[in-house]
Ligand code: CMC
């Protein structure tokens, strides 16, 4: 970051002397006011719950222009990455800063492929869960448990440990998600097949059985690869910030990523794809397209607690570029599977059209986000609804680990320790139990 020529001056109306605060430029996007010395100079904190105006770190990985609806990974537009590169190239880009050449891609893919198996003990660990456990509950446990199996990659301060942990996490997440699925349906786990692509291997581990040959459908493989690419990173979102905060204490990478998985689970974040599909299912059951008006009325009623899931975003105040790409993939997958008349897809299109014209959504700049269509694609592929967020976690793992490693390598990195505005009781004395 570059120190700007101008400074910010903070003045107070009560006579407290004003303070000058340095301003920094990034490469693109808003400047930041450096308030690190504010408390020492004034005895005051800043107050910004939800981080509406706070940059918690500097980062060179992902840039979002929410007004334009632009998403760049290391400078490359998501549209180009989604159509000209695959997920392995995207992982290389996010982790190392550059797209690989052909040789580099081969080597990186090979390294990831060689780590796809998990320690055989993991399946006994998995057995401790109820068969009907939510896949995200299982994933939070399994990812955290990796630190109990791979002791040679748990030192966050050792660059080699960090690198091998990154590769292991990217390689093993599909295996763990597929194991969680197979466990809930009572089918044997399928070992990874090294001749397949990253997405193809995931389809194989999910849908093959030992009884019959399984051929990966290239359209579904490409669709899944695109889902992975679109979800790979998204700047300082809630789960990434969780990973950074968790990792800032020096904990091991697997534990930090498990914290990210836990955060992603929530319906305001990664859980939205599951919630969006459930919402479409509920409208469909209630009468389908004809019931959209009634549903939109409920959404606009603040007391109803109903939200249009898959709509709205903290940063995008324009169409989420990932949603456009996901809509394309959705059409391709439904076409391939002969599901062009899929009622939920039609319902989603109708709902989107009405919402995009409605004053409530227009005035609040609420547009479809990536989750609006990703659920329909995943459902068409055969992925059960409760597993959607686990697929998001699988894809976001590379972003989490790239951001975690960037933070550890940053000379300005400190343990994250937010402060507070205390509104509780003043000091008081305990009344003995008998007198309370
Ligand atoms: N349906 C109805 N109203 C909404 C919605 C929605 N989906 N999203 C925002 N609003 C309204 C909100 O009620 C508020 O209205 P008002 O100004 O009258 O009080 C206004 O729009 C601003 O919303 P906000 O809650 O202040 O915005 P936020 O930045 O805090 O929340 C959000 C962003 C994503 C949590 C929210 O839009 C939401 O809950 N959306 C539905 C869940 C969803 O699709 N999440 C996936 C996000 S993308 C994937 C990911 O990155 O995880």
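Numbering (this note's numbering), first residue to last: 1187 to 1622.
Glycine included, every Cβ here is placed at the ideal spot set by N, Cα and C.
Being a predicted model, the structure only gives us computed values, none of them experimental.
Looking at residue j and residue i, is the spacing between their C-beta atoms short of 8 Å?
i	j	result
residue 1303	residue 1361	yes
residue 1356	residue 1447	no
residue 1325	residue 1509	no
residue 1255	residue 1504	yes
residue 1515	residue 1438	no
residue 1187	residue 1211	yes
residue 1330	residue 1418	no
residue 1533	residue 1469	yes
residue 1202	residue 1228	yes
residue 1573	residue 1363	yes
residue 1257	residue 1604	no
residue 1406	residue 1567	yes
Nearest by alpha-carbon distance to residue i: which of the options is it?
i	options	result
residue 1427	1315, 1572, 1243	1243
residue 1321	1276, 1370, 1540	1370
residue 1217	1223, 1196, 1226, 1239	1239
residue 1454	1500, 1399, 1330, 1295	1500
residue 1189	1202, 1219, 1550	1219
residue 1626	1278, 1284, 1568	Within the shown structure, residues of the chain are numbered from 1187 to 1622, placing residue 1626 beyond reach of any answer.
residue 1544	1486, 1560, 1558, 1563	1486
residue 1301	1387, 1286, 1610, 1452	1387
residue 1495	1476, 1384, 1456	1456
residue 1252	1522, 1525, 1498	1498
residue 1383	1372, 1397, 1404, 1363	1404
residue 1517	1559, 1476, 1489	1559
residue 1474	1535, 1235, 1257, 1594	1535
residue 1698	1245, 1622, 1198	A query on residue 1698 cannot be resolved here, the shown segment of the chain reaching from 1187 to 1622 and no further.
residue 1232	1478, 1315, 1550, 1196	1196
Which whole-angstrom value is the C-beta distance of residue i and residue j, which I expect to be below 8 Å?
i	j	result
residue 1259	residue 1280	6 Å
residue 1512	residue 1571	About 16 Å separates the two Cβ atoms, so there is no contact after all.
residue 1624	residue 1342	Residue coverage of the chain in this structure runs from 1187 to 1622, which leaves residue 1624 outside it and unanswerable.
residue 1375	residue 1368	5 Å
Is it buried or exposed, residue i, if we count other Cβ atoms within 10 angstroms and call 16 or more buried?
i	result
residue 1628	This structure cannot speak to residue 1628, because the chain is shown only from 1187 to 1622.
residue 1583	buried
residue 1608	exposed
residue 1449	buried
residue 1569	buried
residue 1459	buried
residue 1213	exposed
residue 1389	buried
residue 1333	buried
residue 1611	exposed
residue 1620	exposed
residue 1425	buried
residue 1554	buried
residue 1526	exposed
residue 1575	buried
residue 1423	buried
Taking one C-beta from the segment 1574–1593 and one from the segment 1426–1441 each time, how about it: are there three or more such pairs within less than 8 Å?
-> yes
Contact between the segment 1274–1287 and the segment 1409–1418: three or more CB pairs below 8 Å?
-> yes
Who's in the neighbourhood of ligand 2, going by beta-carbon under 6 Å from any heavy atom, listed in chain order?
-> Of the ligands this structure carries, namely ligand 1, none is ligand 2.
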